[in-house]
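Peer 1: Protein chains in written order, with this note's numbering: chain A, 1169 to 1239; chain B, -16 to 348; chain C, 338 to 532. Beta carbons are placed, not taken as given, at the ideal position from N, Cα and C, and that holds for glycine.
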Amino acid sequence: MTELRIDFAACDGHGACTDLLPDLLVADDWGFPAVRGGGRRAVVPDGLLARAREAERLCPVLALRLGSSRG
Amino acid sequence: MMLTTSPDRPAGTAGVPDLIDRLRRSGLQGRGGAARPVAAELDRVRAAGPGGVVVVNGVEGEPLSRKDATLLTTVPHLVLDGAVAAATTVGAPDVVVCAAAGPGLEAVRRAAGERGGVDGPVHVHVVAAAPGFVAGQESAVVAHLDGFAARPRGTGVPLWRSGLAGRPTVVKNVETLARTGLLARHGHQPDTVLLTLATAAGPRVLEVPAGSALDVVLDREGVATGAGVLLGGYHGTWTPSDVTVPLTVDAVRAGVVRPLLAGECPLAVTAVVVGHLAAASVRQCGPCTFGLPRLHQLTLALAAGRLDADGVHELRRTVGLLVDRGACRHPDASARTVASALTAFPAEVAAHRRGACLAARAVAA
Amino acid sequence: MAGVSSELLWALSRASGLVLLPLFTLVVVLGVLAHGGRRLGRSPRVVTPLVHRALALAALGFLLLHVGSVVADSFVDVPLLAVVVPFSAGYERFWTGLGTVAVLLLVAVVATSLARVRLGRRVWRAVHALAWPFLAVSLAHALGVGTDTRTPWGLALATACVGAVVAAVVAGRRRDRWRPADPVRRPSVLQESPR
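1) Would you say B:T138 lies against chain A (beta-carbon separation less than 7 Å)?
2) For a cutoff of 7 Å on Cβ pairs, would you count A:A1184 as touching chain C?
3) Quick one, which of C:R390, C:F431, C:V413, C:A352 has its alpha-carbon nearest C:L370's?
4) Indicate whether at least one CB of chain C lies closer than 7 Å to the CB of A:L1172.
5) Using a cut-off of 9 Å between C-beta atoms, extract the partners of C:W515 located in chain B.
6) Can you give me, in chain order, the residues of the stretch 1184 to 1209 of chain A that have a beta carbon less than 7 Å from any beta carbon in chain C?
7) Establish whether the CB of A:G1239 and some CB of chain B are separated by less than 7 Å.
8) What's the C-alpha gap between B:R5 and B:H171?
9) DSSP on B:T227, reduced to helix/strand/coil?
10) Only counting the same chain, and skipping five residues up and downstream in sequence, which positions put a Cβ closer than 8 Å to that of A:P1190?
11) So B:D64 is in the beta strand (DSSP E); what residue range does that whole segment cover?
12) Is there a C-beta anywhere in chain C that falls below 7 Å from the one on A:L1226?
13) Please list the residues of the stretch 437 to 460 of chain C that have a C-beta atom closer than 9 Å to any C-beta atom in chain B, keeping them in chain order.
14) Report the partner residues of B:T222 according to the DSSP bridge assignment.
15) With a cut-off of 7 Å, does the C-beta of A:S1236 fall near any C-beta of chain B?
16) Please classify C:D410: is it buried, with 16 or more other beta-carbons within 10 angstroms of its beta-carbon, or exposed?
17) Identify, in the order they occur along the chain, each residue of the same chain with its Cβ nearer than 6 Å to the Cβ of A:S1237, setting aside the five sequence neighbours on each side.
18) Taking the beta carbon of B:W221 as the centre, do at least 16 other beta carbons fall within 10 Å, making it buried, or is it exposed?
19) Is there a Cβ of chain C sitting closer than 7 Å to that of B:P305, yes or no?
20) Name the two residues that bound the continuous beta strand (DSSP E) containing B:D77.
21) Enumerated in chain order, which unbroken segments of the beta strand (DSSP E) with a length of 3 residues or greater are wholly contained in the stretch 1179 to 1238 of chain A?
22) Can you find the residues in the same chain that come closer than 6 Å, C-beta to C-beta, to B:P192, ignoring five residues on each side of it along the sequence?
23) Excluding the 5 residues preceding and the 5 following B:T53 in the sequence, name in chain order all residues of the same chain whose CB lies nearer than 7 Å to its CB.
24) For C:V521, would you say it is in contact with chain B, using Cβ-to-Cβ distances shorter than 7 Å as the test?
25) Verify the CB distance criterion: does B:G309 have a CB-CB separation below 7 Å to chain A?
26) Does DSSP put C:T362 in a helix, in a strand, or in coil?
27) For the stretch 42 to 58 of chain B against the stretch 134 to 152 of chain B, do three or more pairs of beta-carbon atoms, one drawn from each stretch, fall closer than 8 Å, so that the two count as touching?
28) Inspect the CB distances between the stretch 61 to 70 of chain B and the stretch 92 to 109 of chain B and report whether three or more fall short of 8 Å.
29) Against chain C, does A:L1217 count as a neighbour if the rule is that its beta carbon must be under 7 Å from one of theirs?
30) Helix, strand or coil for B:L180 per DSSP?
31) Whole angstroms is fine: what's the gap from C:L476's alpha carbon to C:A495's?
32) By DSSP's criteria, B:V109 is part of a beta bridge. Which residues make up the other side?
33) So B:G65 and B:L160 are in contact, right, with Cβ under 8 Å, and what is the actual spacing, rounded?
34) With which residues is B:G41 paired in a DSSP beta bridge?
35) B:D26 versus chain C: which residues are under 8 Å apart at the beta carbon?
36) Tell me which residues share the same chain as B:C248 and place their Cβ nearer than 6 Å to its Cβ, disregarding the 5 neighbours each side in the sequence.
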């Protein structure tokens, strides 16, 4: 299962990711991304994989990471 | 019991060969708040290879906690015995004790100087801690020891792989290592929990059998509880006084027991707690920097009776914005403490929504 | 026939060179805005880094045209090797050489940007900072080798480009630096390797 992880120590609330993945992420009151439905990681369905990779590539501070969940 | 009055001397625990087995059999859990099994953690650092570091975490950033300082002042050699035993087990040539400036730091510094050659190849260093609540988080301690600001690591390399000076590092609480010291010396450690009881007259450190009922312990200590108790420290959980809780390691976490006085409002205390937590943020992530002050603002308003139903909804929403987010657990745990107050005292919350306060009325009556 | 095509190639190299100046300026301006989290007008936030990347790749295409036409033009002595070895061309050795330096810097910036996720934040940021010397060297190259850039309107264009970059840096930076500055690093309690 592919997951999207947010590195909050790097995140500056630019908001490119919340634009690209509105089904998975929503901006909080200050522009920082929150996973819809809560949790630390966003599960990425196959249909949104390409978009998620774009978001990972476009984040100006490289605060997003796509990876597989462990277990 | 751990809080022994017998003289404290080094017992030469460098090289206890089956320490991890002893830890596994005793099921020792960490006493720094996370309650993780110690055997598995030492095993993992050992597997990472030799040349590691054991850090003794005596920072004790919880403002109400005194148990670690008490252990350092009364049994510093026991703590060092445990640290050295752990160090030789994982192949670490260095032990670094980090403690807040004060009698505890002085005592362990003196003790480290008194050990002569008893620790074999292990070298013990003693370093003053950075101040602040978050400074006690294990990766923040390592950052401080490495010469950086005392900020927790975000995502990234785990400490056991690369920690202090890039070496495999395990960070353990003072009490955890004191208990490890007892295991190294005698093969067993008492099935107790160490608590700091926050009373009106000041903090009181006591040791009780694990699983003791909270209300029984408080009764025995002569502490009357008002509406309830905050168990586990500023990142702990509120319990109403009509519920009894067994004092297990998982329940007590950092070991702080903060009962409410008669007439003391839980929501007012929660607001003070959140204020402290918000001020303690190291501001390295958005949720903490912006979310915690907002949470403080809302809990203050609730405590003052200025929040209506919409306001309480806004408070719950803000709590939801902080749970499971942030560079470390600080915003998450702080939000959960507020959530536990809302769950534990629903009648009080309802009263405050109407501008009243049950706790204050109970005293006036 | 050879003379005509040389005229065409010469015109192509000059024209593409002139276009590259404001084009790369725009790329850098967008990069500064993306770094600052700025929107373009009221467009979605993702547009800024998206257009920055798209324009950079377009500019790369124009650069290929520029370099290709210079090399193909037999009238000026700029061999293919001079594209990667600085100061080895016969024509305007120094100023052309600066162009080569600019190409090398750009290759580093673009190559690392295409692999930025794999390379990680620290490496990527360090190399991407070469965009600044790239821009400066490109400008020097344009002013030194370009016959058009030293005309009044050519100088005006160059000035406008510098002005745009300065304006972007001054006004397009992150609005609020909410993270506290890092304190000066103290030495670690332990050395890198065990005693």
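Peer 2: In this structure, then:
1) Here residue 138 of chain B is taken as the residue at index 155 of the second sequence, counted from 1. Taking Cβ atoms only, chain A reaches closer than 7 Å to B:T138, which makes this a yes.
2) Position 16 of the first sequence, counting from 1, holds the residue named residue 1184 of chain A. Yes - at least one Cβ of chain C is within 7 Å of the one on A:A1184.
3) Translated into positions along the third sequence, residue 370 of chain C becomes position 33. Minimum Cα distance to C:L370 is reached at C:R390.
4) Taking the first sequence and counting its residues from 1, one reaches residue 1172 of chain A at position 4. So, not an interface residue.
5) Counted from its first residue, the third sequence places residue 515 of chain C at position 178. R266, G269, T272, F273, listed in chain order.
6) A1184, D1187, L1188
7) Translated into the one-based positions of the first sequence, residue 1239 of chain A becomes position 71. Reliability of the predicted coordinates at A:G1239 is poor, the pLDDT of 45 falling under 50, and the value obtained from them is presented with this limitation in mind. So no, A:G1239 is outside the interface.
8) Within the second sequence, the letter at position 22 stands for residue 5 of chain B. Within the second sequence, the letter at position 188 stands for residue 171 of chain B. C-alpha separation (whole angstroms): 8 Å.
9) By 1-based counting over the second sequence, the position of residue 227 of chain B is 244. In this structure, B:T227 counts as coil in the three-state DSSP scheme.
10) The sequence position of residue 1190 of chain A within the first sequence is 22, counting from 1. Closer than 8 Å at the Cβ level, and outside the excluded window around A:P1190, lies no residue.
11) Locating residue 64 of chain B in the second sequence gives position 81, where the first residue counts as 1. Here B:D64 belongs to no beta strand (DSSP E); instead the alpha helix (DSSP H) covers 59 to 73.
12) Locating residue 1226 of chain A in the first sequence gives position 58, counting from the first residue. Output row for A:L1226: interface = yes.
13) none
14) Within the second sequence, numbered from 1, the residue matching residue 222 of chain B stands at position 239. Partner(s): B:V212.
15) As a working mapping, residue 1236 of chain A is identified with position 68 in the first sequence. So, not an interface residue.
16) On the third sequence, position 73 is the one that residue 410 of chain C refers to. Under this definition C:D410 is a buried residue.
17) In the first sequence, the residue the question calls residue 1237 of chain A occupies position 69. Correct list, in chain order: M1169, E1171.
18) On the second sequence, residue 221 of chain B is found 238 positions in, with the first residue counted as 1. Its Cβ being crowded by 16 or more others within 10 Å, B:W221 is buried.
19) Sequence index remark: in the second sequence, residue 305 of chain B carries index 322 (1-based). For the sequence presented, residue 305 of chain B should be read as Leu rather than Pro. Taking Cβ atoms only, chain C never reaches closer than 7 Å to B:L305, which makes this a no.
20) Here residue 77 of chain B refers to the residue found at position 94 when the second sequence is read from its first residue. Run containing B:D77: 77 to 82, per the beta strand (DSSP E) assignment.
21) 1193 to 1195, 1201 to 1203, 1209 to 1211, 1232 to 1236
22) Residue numbering aside, residue 192 of chain B sits at position 209 when the second sequence is read from its first letter. Here the set comprises T175.
23) Within the second sequence, numbered from 1, the residue matching residue 53 of chain B stands at position 70. Result list for B:T53: V188, in chain order.
24) Counted from its first residue, the third sequence places residue 521 of chain C at position 184. Closer than 7 Å: no.
25) In the second sequence, residue 309 of chain B corresponds to position 326, counting from 1. Yes - at least one Cβ of chain A is within 7 Å of the one on B:G309.
26) Locating residue 362 of chain C in the third sequence gives position 25, where the first residue counts as 1. Of the three classes helix, strand and coil, the one that applies to C:T362 here is helix, per DSSP.
27) no
28) yes
29) Taking the first residue of the first sequence as 1, we reach residue 1217 of chain A at position 49. For A:L1217, the answer is no, since every Cβ of chain C falls outside 7 Å of its Cβ.
30) Along the second sequence, one-based indexing puts residue 180 of chain B at 197. Strand at B:L180.
31) Against the third sequence, residue 476 of chain C aligns to sequence position 139. Against the third sequence, residue 495 of chain C aligns to sequence position 158. Each residue's alpha carbon lies about 7 Å from the other.
32) Residue numbering aside, residue 109 of chain B sits at position 126 when the second sequence is read from its first letter. Partner(s): B:V80.
33) Within the second sequence, numbered from 1, the residue matching residue 65 of chain B stands at position 82. Within the second sequence, numbered from 1, the residue matching residue 160 of chain B stands at position 177. Confirmed, Cβ separation roughly 4 Å.
34) As a position in the second sequence, residue 41 of chain B is number 58, starting the count at 1. B:G41 pairs with B:A82.
35) Along the second sequence, one-based indexing puts residue 26 of chain B at 43. Ordered by position in chain C, no residue passes the 8 Å Cβ test against B:D26, which lies about 20 Å from the chain.
36) For this step, residue 248 of chain B is matched to residue 265 along the second sequence. Cβ within range, chain order: C340, A342.
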